[in-house]
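The next block holds one structure in the form of structure tokens; read it before the comments.
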Amino acid sequence: MLMKSRRNLAVFLILINFVSVLFARAGDVTKSTEVLIIGAGLSGLATAYELKRMGIPFHILELAPKIGGRVRTVRYKLPDGSEVYADSGMEEYWESNPAVRVLKELKLATRDDVAVSSIALGGKLTTLGDDTPEEFRKRLFTEVESKALDAFKQKVAPWIKSLKPEMAIPADLVKLKALSFGEWVEKQGLPKKVSEWIRVSVECEAGASWKAISALDGLAEFHIFLGEGERSYRVQGGNDKFTDGMADFVGREHITLSKRVPRVVTHDGKASVSYLGPEDNVKGVVVDSHVV
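If you're matching positions, the sequence shown starts at -1 in my numbering and goes up one per residue.
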């Protein structure tokens, strides 16, 4: 009986080892590569996406046990068996975002809308409903307030359009770095409700108080509200389909999950990236030419 139990245990251990090796192969860490990417969030996957298109070897090390970073979709089963979902973290991709090009290249189904949403101002909630942006604005602002907002947009539009990543900041706008966006807007003499609308809109995009960002940064964030508003895109079925699509394109065999990077050492034009598995304590080193 004892011999049989030992034999069964041995067979069980062999099967466990076989299964673990089988599943590890898809995400085995390479010994060397051209580019080592730390993190399989949207930025890391986008880097891998472009490298794959150019034919440059790469590998991704991700600390979490799943890809996506801040791009997460939460799914709920209803009593009738149907499913609803909500995106947390990253929710939409503005038209000026390079991610929109990738969405189209991956042929993912999307829905789009302009930069308009329900908003609470002065203790009153105004819901968007089925209104067009123009109809919604007429419910939100008086004629005087609407004209003041239009004038503000016309004033800042040329400045915002001059803020391009590949160009130097115009000298007359550099001084706006010294003021907070909140201080600067308050000096514009806008109706209170318009000023409050600008505050709420920009704080939602910046993820910080308008008093905590410079006037220059606030104007850069305001670009999506020029005109009727920049179009935004969401992936139908959840934004995690976007990161899954990129992971499939770059090849999941080039992504290793649950690996922490505690050390990067450069020498003679090469980088040695140390990694450690926080769950299995497996450690190793990847030698590469570039680390991102």
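Note that the Cβ used here is the ideal one computed from N, Cα and C, for glycine as well.
Distances from the CA of Leu61 to each of Phe179, Arg137, Phe223 and Gly37 were compared; the closest alpha carbon is that of Gly37.
Sixteen is the threshold: since fewer than 16 other Cβ atoms of the shown chains lie within 10 Å of the Cβ of Asn279, the residue is exposed. The secondary-structure analysis by DSSP pairs Gly87 across a beta bridge with Val69.
Membership of Ser256 in any beta strand (DSSP E) is not indicated, and neither H nor E is assigned to it by DSSP. Per DSSP, the continuous alpha helix (DSSP H) segment holding Ala97 begins and ends at Ala97 to Glu103. Two segments are said to touch when three or more pairs of C-beta atoms, one from each, lie closer than 8 angstroms; by this definition the stretch 37 to 52 touches the stretch 247 to 267. Membership of Ile117 in any alpha helix (DSSP H) is not indicated; the residue belongs instead to the beta strand (DSSP E) covering Ile117 to Leu119. If only uninterrupted alpha helix (DSSP H) runs of at least 4 residues are considered, those enclosed by the stretch 182 to 270 are 190 to 204, 213 to 219 and 238 to 248.
Per DSSP, the unbroken alpha helix (DSSP H) holding Val154 starts and ends at Glu141 to Lys159. Excluding residues up to 5 positions away in sequence, Arg137 lie with their Cβ nearer than 8 angstroms to the Cβ of Asp129 in the same chain. Only buried fits Ala245, as 16 or more other CB atoms lie within 10 angstroms of its CB.
Straight-line spacing of the CA atoms in Trp157 and Phe220 works out to 11 angstroms. Take the alpha-carbon of Ile117 and the one of Arg51: they are about 41 angstroms apart.
For Arg68, the number of other beta carbons within 10 angstroms of its own is below 16, and it is reported as exposed. Between the C-alpha atoms of Tyr273 and Val262 there is a straight-line separation of about 9 angstroms. Going by DSSP, Leu34 is part of the beta strand (DSSP E) stretching over Ser30 to Ile36. Distance from the CA atom of Ser270 to the CA atom of Val33, rounded to whole angstroms, is 11 angstroms.
Residue environment analysis places Tyr231 among the buried positions, since at least 16 neighbouring C-beta atoms fall within 10 angstroms of its C-beta. Excluding the 5 residues flanking it on each side, Lys162 has no same chain C-beta neighbour closer than 8 angstroms. In the structure shown, Ser80 falls within a coil segment according to DSSP collapsed to helix, strand and coil. The Cβ-Cβ distance between Gly180 and Lys209 falls below 8 angstroms.
Contact fails between the stretch 195 to 210 and the stretch 66 to 80, because fewer than three Cβ pairs, one in each stretch, are under 8 angstroms apart.
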